[in-house]
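Numbering (this note's numbering), first residue to last: 8 to 89. Backbone N, C-alpha and C define an ideal beta-carbon position, used for all residues, glycine too. The structure displayed is predicted, hence computed values, not measured ones.
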């Protein structure tokens with residue numbers, strides 16, 4: 008099944024500030040969501056997952072019945088969980 012990817016404004020702003028090579032790497036990883044990559048559910052949160060892409064983390068939710076993956080935040084490991 009093909010999921011539609013939605014990227015929230017803070018995550019989009021983070022992507023725009025990245026060098027082109029890093030931005031392309033992150034976007035390739037996001038396009039493989041929700042099943043491909045180093046994905047783990049986050050404890051204490053229902054339907055919240057993280058994708059590891061090098062030193063960066065992508066936090067996202069999945070609305071399975073609507074086939075939507077919503078990227079909430081992208082950032083460095085130390086910053087994204089705050």
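Pairwise C-alpha distance: residue 46 and residue 58: Distance between the alpha carbons of residue 58 and residue 46 is about 5 angstroms.
Three-state secondary structure (DSSP) of residue 130: This structure does not reach residue 130, given that the chain is present from 8 up to 89, and the question cannot be answered.
With C-beta atoms as the reference, is residue 11 less than 9 angstroms away from residue 76? For residue 11 and residue 76, yes; Cβs fall inside 9 angstroms.
Please identify the residue among 85, 89, 65, 28 whose C-alpha is closest to the C-alpha of residue 41. A check of alpha carbon separations from residue 41 across 85, 89, 65, 28 identifies 65 as the nearest.
Rounded C-beta distance between residue 50 and residue 63? I'm assuming under 8 angstroms. The C-beta separation of residue 50 from residue 63 comes to about 20 angstroms, leaving the pair out of contact by the 8 angstroms criterion.
Classify residue 73 as helix, strand or coil using the three-state DSSP reduction. The answer is coil: DSSP assigns residue 73 none of H, G, I, E or B.
Alpha carbon to alpha carbon, how far is residue 36 from residue 44? Give it in angstroms, no decimals. A straight-line Cα-Cα distance of about 7 angstroms links residue 44 and residue 36.
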